[in-house]
Structure formats: C-alpha cells, structure tokens
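In terms of the working numbering, the sequence shown opens at residue 27 and continues consecutively. Don't be surprised by glycine CBs; every beta carbon is placed ideally from N, CA and C. Keep in mind it's a predicted model, so treat the numbers as computed, not measured. What follows is a short report on a single structure.
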Amino acid sequence: MAQPRRIVVIGGVAAGPKAASRARRVDPLAEITLIERDPVLSYAGCGLPYYVSGVVSERDDLMATPIGVLRDPAYFEKAKDIRVLPETEAVAIDRARRMVRVRSRQTGEERAIPYDKLILATGASAVVPPIPGIDLPNVLPMKRVEDADLLKTLLASEACQDVAIVGAGLIGLEMAEALHSCGRGVTLIERLPQILPFLDADMALLLHNYVVQQGVRVMTGAAVEAIEADASGRAARVVTDQGTVEAGAVIVGIGFRPNTSLAREAGLILGPQGGILVNQYMQTSDPDVYAAGDCTEKACVVRGTTCLLPLGSTANKEGRVAGTNAAGGHARFPGVVGTGAVKVFGWNVARTGLTEADSRRLGVK
C-alpha cells in the first residue's frame with residue numbers, strides 16, 4: 027500500500043486553513059499538518075473593526091463557522107482530521123530533503139516535519155514606519171485578534187477619549203467608523219493628498235467630504251513626525267507637519283508587507299512587488315511548494331502585470347486552489363482584476379479594474 031501523501035501548510039489565518047480543508051476533501055487519506063505561529067487561527071481579520079465596535083459581540087465569533095462552531099485546533103483535528111500545531115513557528119525549509127524545521131514558541135524545542143507537498147500561507151505584516159514613539163504601548167496596528175483585544179481594553183479607560191488613525195486606507199476608514207460608533211473622537215491622518223488611495227482623486231474627495239460630515243476629522247497631505255508620550259510613558263499625541271493631534275490611542279494602518287523571508291531563504295523566486303511569485307496553479311518556482319494569500323503576488327489580468335492585493339476573499343480563493351492541487355486535483359486561479367470594496371458609515375465604496383490614474387500611468391486610453 028502506498029504511503030499517504032504528506033501535505034504541510036504554514037500559516038493558519040485565511041488561506042492556510044482553506045488550503046488544508048480543501049486538501050482533505052480532495053485526498054481523504056492524506057496526512058495534513060497545519061502550522062500557525064500564534065495561538066489563534068482561522069479568524070476573520072476583516073471583522074476586527076466590527077469586533078471593536080461591538081457589532082461582532084463575542085471574540086469567538088471571529089473564529090466561528092456559519093453555524094457557530096469554534097474553529098480551534100480541536101475542531102480541525104476532530105472534524106477534518108487535520109493536525110494543528112499552534113504557537114509553532116516554521117524557521118526553515120529544506121527543499122532538497124523536503125523538510126520543514128519548526129520551533130515551539132512555548133518551549134523552544136525544534137523538530138523537522140517531512141512533506142511531499144508544501145503550502146506557504148505566511149500572510150503579511152503591518153508596515154511599521156520608523157518614527158519616534160512608534161513602539162509606545164498604546165500604539166498598535168489592527169492585524170491580529172490580539173490587537174483588537176488591546177484596543178478594546180484601551181477604550182474601556184477614561185484616558186482614551188480620542189484616537190488618532192495613521193493611514194486612511196481600507197482599515198483606517200473601517201476603524202474610523204468603529205471608533206466613532208463607540209463615542210470616541212477620531213482623527214484620520216493620511217500622508218497622501220487623498221484618502222482611500224485605491225480611488226481616483228475626484229471620487230476620494232466625495233468620500234472625504236462625507237466622512238467629515240459624519241464627525242471624523244480628516245488630515246490629508248500630513249506627514250507624521252513623532253508620537254509623543256505623557257508622564258506615564260504612554261502615547262498622548264501625534265505630531266504632524268500640520269499640527270499636533272491629542273490621542274489616548276494611536277492606530278497605525280499604512281499598509282502591509284508580504285511575509286516572504288521563509289520563502290526567500292529557501293531560494294524561492296519573489297516577484298517585482300516583493301511577494302512570492304506563483305503560477306495559475308499557485309505553484310512557486312518549486313513545483314512541490316505552493317503559496318497562497320497575502321504573501322503572494324497575483325496576476326493582474328487587466329494590467330498584464332503582477333500585483334499585491336491583501337484581501338481575505340482573494341486569500342480564500344487562492345487557498346482553495348493551492349489545496350486542491352497539492353492534494354492531486356486540478357484547479358486554476360487566473361488572477362485578479364483589482365476589485366476592492368468597503369463600507370464607510372452609510373456608504374458602500376468600491377472599485378474594480380483600472381482607475382483613471384492607473385490608466386494614465388500605464389499608457390492605456
């Protein structure tokens with residue numbers, strides 16, 4: 027009897043669990059291992075602002091199935107026969123021996139896990155600008171469930187009546203609405219001359235005016251120079267070239283950078299935007315190694331190039347394709363057309379394809 031196919035998935039937020047679950051459906055006999063460096067896995071990162079605002083009332087709802095079952099390690103092991111290694115970090119890939127070296131974040135113990143097919147779903151990390159005060163305890167990104175937990179704790183304090191948000195992209199606008207609904211004063215600080223850079227300037231201006239009408243202060247073309255602390259060592263104000271903003275908490279949402287160090291050190295090819303380069307089957311430059319989600323570069327079918335598009339919906343589609351193919355099936359992900367959508371107070375804002383600015387830059391009439 028042939029040995030079962032060994033599939034190892036690194037990353038347990040969106041693309042990784044989707045890939046592992048899909049691989050199980052395609053190959054019921056495969057030995058599937060899911061590795062996640064944090065204690066929480068398979069959570070809805072897009073739901074974090076709504077957890078902060080209370081629209082999502084319980085923390086576990088971010089990790090629940092549509093029928094309310096918590097997607098914890100026990101769920102994956104019992105319902106899907108997928109071995110989960112939480113709080114375990116993949117530290118190196120030996121492609122010649124087809125081994126992944128992992129380290130327990132609790133004990134420091136290291137061991138090697140063999141694979142026949144490997145799926146990288148290492149995601150992306152929030153960009154942290156090199157400005158004074160960025161490491162103060164109440165300055166945080168909004169990437170993980172733990173970030174939302176900390177912000178909710180800060181909001182329970184009388185000292186946190188005003189919040190500054192550095193970056194007016196998707197996460198910045200969603201957090202502005204969430205915090206405003208909590209009764210906090212909110213200031214959006216954006217270095218670019220417009221909010222929500224994925225829109226053309228004239229469309230962004232309509233949104234800018236609408237957000238201001240809702241009671242949010244918006245500063246565009248404003249460069250953050252420092253975050254200053256109070257006597258207790260906590261962030262109290264954001265200093266910009268347009269003035270100082272008082273804040274009991276600061277959210278930094280200026281973008282994400284794909285986590286590719288593991289792939290790069292393993293000798294896999296990266297794309298021109300810095301993500302892992304994959305083909306339409308989600309294979310990397312090593313045909314036995316797949317990648318999916320925010321760590322990859324996507325084929326932009328309108329532009330004819332590759333791009334980074336860190337969206338949960340795209341990550342799930344790519345994870346499904348990677349899992350299918352790693353388990354012996356056949357599926358393709360042809361690419362993206364650049365669609366993005368966000369709810370901002372009472373408006374739905376979306377774009378797809380090329381903006382006018384994109385067209386001018388690419389020379390497309």
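Here the alpha carbon of Pro313 sits roughly 11 Å from the alpha carbon of Ala348. Separation of Val34 and Arg109 (C-alpha to C-alpha, rounded to the nearest whole angstrom) is 10 Å.
Put simply, the backbone Cα of Leu176 is about 32 Å away from that of Gln299.
For Met245, the enclosing beta strand (DSSP E) stretches over residues 243–246. When the Cα atoms are used, Val362 and Asn285 turn out to be separated by approximately 20 Å. Rounded to whole angstroms, the gap between the alpha carbons of Ile302 and Leu294 is 7 Å. By the neighbour-count criterion, in which a residue is buried when 16 or more other Cβ atoms sit within 10 angstroms of its Cβ, Pro75 is buried. Taking all protein chains shown into account, Leu388 has fewer than 16 neighbouring C-beta atoms within 10 Å of its C-beta and is therefore exposed.
Relative to the Cα of Tyr101, the nearest Cα in the group Ser151, Pro158, Pro43, Val78 belongs to Pro43.
Excluding the 5 residues flanking it on each side, Phe359 has same chain C-beta neighbours closer than 7 Å at Gln306, Met308, Lys343, Glu344, Val347, in chain order. Leu296 and Val278 have their C-alpha atoms roughly 27 Å apart.
Looking at the DSSP output, Val212 shares a beta bridge with Val189.
8 Å or more divides the Cβ of Ser151 from the Cβ of Arg290.
Here the segment 204–216 does not lie against the segment 103–120, with fewer than 3 beta-carbon pairs under 8 Å apart. In the three-state reduction of the DSSP assignment, Leu294 falls in the coil class.
DSSP places Lys324 in the uninterrupted beta strand (DSSP E) bounded by 322–326. Between Leu67 and Pro140, the CB-CB gap reaches or exceeds 8 Å.
Sorting Ala70, Gln132, Asp64 by C-alpha distance to the C-alpha of Pro99 places Asp64 at the top. Close CB contacts of Ala49 within its chain, under the 7 Å cut and outside five residues either way in sequence, are with Ile33, Ala56, Ile58, Gly349, Ala352, Ala353 (chain order). Annotation note: the segment 72–118 contains the following uninterrupted alpha helix (DSSP H) runs of length 4 or greater, listed N- to C-terminal: 74–79, 99–106. Lys143: member of the beta strand (DSSP E) spanning 143–146, first to last residue. As computed with DSSP, Lys369 is found in a beta bridge with Asn374.
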